[in-house]
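Report on one structure; see the data block that follows.
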Amino acid sequence: MKDIKNTILQKFREVYGEGEAHAFFAPGRVNLIGEHTDYNGGHVFPCALTIGTYAVARKRNDRKLRFFSMNFEHLGIITSSLDDLKPCREAGWTNYPKGIFWALGQRGYEINEGIDLLLFGNIPNGSGLSSSASVEVVTGYILSELFGLGISNQDLALIGQFSENKFNGVNCGIMDQFAIAMGKKDHAIFLDTADLSYEYAPVQLDGAKIVIACSNKKRGLGDSKYNERREECETALAEIQKEMPIQTLGDLTEEQFEQVKSAIKDDVRRKRAKHAVYENQRTIKAVKALQENNIELFGQLMNASHVSLRDDYEVTGKELDTLVEQAWKVDGVIGSRMTGAGFGGCTVSIVKDEAVDAFIEQVGKAYKDKIGYAADFYVVEIGSGPCHL
Ligand code: GLA
Numbered sequence: 000m001k002d003i004k005n006t007i008l009q010k011f012r013e014v015y016g017e018g019e020a021h022a023f024f025a026p027g028r029v030n031l032i033g034e035h036t037d038y039n040g041g042h043v044f045p046c047a048l049t050i051g052t053y054a055v056a057r058k059r060n061d062r063k064l065r066f067f068s069m070n071f072e073h074l075g076i077i078t079s080s081l082d083d084l085k086p087c088r089e090a091g092w093t094n095y096p097k098g099i100f101w102a103l104g105q106r107g108y109e110i111n112e113g114i115d116l117l118l119f120g121n122i123p124n125g126s127g128l129s130s131s132a133s134v135e136v137v138t139g140y141i142l143s144e145l146f147g148l149g150i151s152n153q154d155l156a157l158i159g160q161f162s163e164n165k166f167n168g169v170n171c172g173i174m175d176q177f178a179i180a181m182g183k184k185d186h187a188i189f190l191d192t193a194d195l196s197y198e199y200a201p202v203q204l205d206g207a208k209i210v211i212a213c214s215n216k217k218r219g220l221g222d223s224k225y226n227e228r229r230e231e232c233e234t235a236l237a238e239i240q241k242e243m244p245i246q247t248l249g250d251l252t253e254e255q256f257e258q259v260k261s262a263i264k265d266d267v268r269r270k271r272a273k274h275a276v277y278e279n280q281r282t283i284k285a286v287k288a289l290q291e292n293n294i295e296l297f298g299q300l301m302n303a304s305h306v307s308l309r310d311d312y313e314v315t316g317k318e319l320d321t322l323v324e325q326a327w328k329v330d331g332v333i334g335s336r337m338t339g340a341g342f343g344g345c346t347v348s349i350v351k352d353e354a355v356d357a358f359i360e361q362v363g364k365a366y367k368d369k370i371g372y373a374a375d376f377y378v379v380e381i382g383s384g385p386c387h388l
């Protein structure tokens, strides 16, 4: 981290000139289980990573905003202003930090000076490890620090989600921003998205590692399909509510769902709702299994989660299915599933230490043979939330 800090501070001075500047970091995240439950009032179980978004910032004494990303150096400095906080296609990645300025304004925080901001992310591009939420949270954290706003980390998560929903038009749930803002080293967060109550659960994988496989599939229709799934669940909920007074799909046990499911008038919607209900219950069971040190059961629940996302929720696709189905064949794989929104992105697997090399080799080869291009693999560690470096 120290090396990266020096590199980004030096780059900041090259780009924006000498003077005082502060360095920050916010992690990326991976979800261990509980997928597409966070907008259905269910539970999720994500953790922050040690990879993420590094940033250097300083206050200006005018209303200009200047942005520079070391991941997109060819774009140079992108300039905007506090008086022009509207999303636009040409603004590219800067729509994420701009959205945070806008969201803070909507929340009644007054910011009257702009900033110079430099970012460097080491989350693989388009991997589904929440680089955008990481940028949102690091920006919120920076502004809270530089302008003395005293915003809690939980609020930074909510502000990030609000900005993603209303400024960037993706109707995401709270999981990503929450996992990033509230991350705790070596712990996953068991979050009830119905009321934001949460508990940290230690993840001590004695003799095993968390391995992420990135499909490198470019996401295209992902965001529109995401919003479509949300709507399907909302319609299914409304149909159930005609027969049972529930607030969210997360209120239902599997048995209750089986009793009331005929209220849902369409087969596809019934499958979507089934996933939301069963996945929530699986997440509760998985956390209990982990707490009881039953890592085998945790792995089986991860596998069942993938099957449900593949067959009932239909958000996997051949790339993610190939990665997971090949992973299941490797000796020493405790569990493997897609993670994040799906439609591309990556998988998360728990792999015994001695099997990690074979896993990367075998899954990598089978993937390349079948899909035609390579996947990337990362052995990751669970890190903490945002910080001033
Ligand atoms: C994306 C969204 C999250 C969550 C996941 C699916 O990452 O941003 O809110 O819905 O997909 O679990």
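Numbering (numbering that gives the first Met the number 0), first residue to last: 0 to 388. Here a beta-carbon is modelled for each residue, glycine too, at the ideal position from N, C-alpha and C. As the structure is a prediction and not an experimental result, all values here were calculated from the model.
Neighbourhood of residue i by C-beta, 7 Å cutoff - its chain only, sequence neighbours within 5 removed
i: Gly298; result: Ile333, Gly334, Ile349
i: Ser307; result: His274, Tyr277, Glu278
i: Pro96; result: Phe66, Leu116, Val134, Thr138
i: Ala102; result: Ile158, Phe161, Ser162, Phe166
i: Asp2; result: none
i: Val347; result: Val29, Leu31, Ile209, Ile211, Arg336, Thr338
i: Asp185; result: Pro201, Val202, Ile381
i: Asp37; result: Val43, Gly172, Ile173, Met174, Thr192
i: Asp359; result: What sits at residue 359 in the sequence shown is Ile, not Asp. Contacts found: Phe376.
i: Tyr140; result: Phe23, Ala25, Leu155, Pro385
Same chain, Cβ closer than 6 Å to residue i, five either side skipped, listed in chain order
i: Ile150; result: Ser143
i: Lys63; result: Ser80, Gly113
i: Val378; result: Lys208, Val210
i: Phe146; result: Ile110
i: Gln361; result: Val329
i: Met301; result: Ile32, Gly334, Arg336
i: Ile50; result: Gly27, Asn121, Ile122
i: Phe100; result: Leu84
Minimum Cβ-Cβ distance from residue i to chain C less than 8 Å
i: Gln258; result: Of the chains in the structure shown, none is chain C; there is only one protein chain.
Burial state of residue i (16 or more Cβ within 10 Å)
i: Ser390; result: The structure shown does not extend to residue 390, since the chain spans only 0 to 388, so no value can be given for it.
i: Pro385; result: buried
i: Ala354; result: buried
i: Asn111; result: exposed
i: Arg88; result: exposed
i: Tyr372; result: exposed
i: Lys270; result: buried
i: Ala237; result: exposed
i: Ser68; result: buried
i: Leu48; result: buried
i: Asp352; result: exposed
i: Arg106; result: exposed
i: Ile76; result: exposed
i: Phe292; result: Per the sequence shown, residue 292 should be read as Asn rather than Phe. By the 10 Å Cβ count, Asn292 comes out exposed.
i: Pro45; result: buried
i: Thr315; result: buried
i: Gln325; result: buried
i: Asp175; result: buried
i: Gly392; result: Only positions 0 to 388 of the chain appear in this structure, which leaves residue 392 out of reach.
i: Thr78; result: exposed
i: Ser131; result: buried
i: Gly98; result: buried
i: Leu74; result: exposed
i: Glu72; result: exposed
i: Phe189; result: buried
i: Ser223; result: exposed
Nonlocal neighbours in the same chain, by C-beta distance under 8 Å from residue i, ignoring five residues either side
i: Lys4; result: Ala22, Tyr53, Leu388
i: Ile294; result: Leu204, Ala207, Ala288, Ile333, Ile349
i: Leu220; result: Because the pLDDT at Leu220 is just 48, under 50, the model does not fix this residue reliably, and the point stays unresolved.
i: Glu253; result: Val276, Tyr277, Gln280
i: Glu227; result: none
Are the stretch 236-255 and the stretch 270-278 touching, with three or more C-beta to C-beta distances below 8 Å?
yes
Which residues count as close to ligand 1 when the rule is a CB under 5 Å from any of its heavy atoms, in chain order?
Glu34, His35, Asp37, Cys171, Gly172, Met174, Asp175, Gly339, Ala340
At least three beta-carbon pairs within less than 8 Å, the stretch 169-182 to the stretch 190-207:
yes
Contact the stretch 149-167 vs the stretch 132-140: 3+ CB pairs below 8 Å
yes
Report yes or no: do three or more beta-carbon pairs, one from the stretch 261-272 and one from the stretch 228-237, lie closer than 8 Å?
yes
Any contact between the stretch 254-261 and the stretch 4-20? By contact I mean 3 or more CB pairs, one from each, below 8 Å.
With the cut-off at 8 Å, the stretch 254-261 and the stretch 4-20 do not touch.
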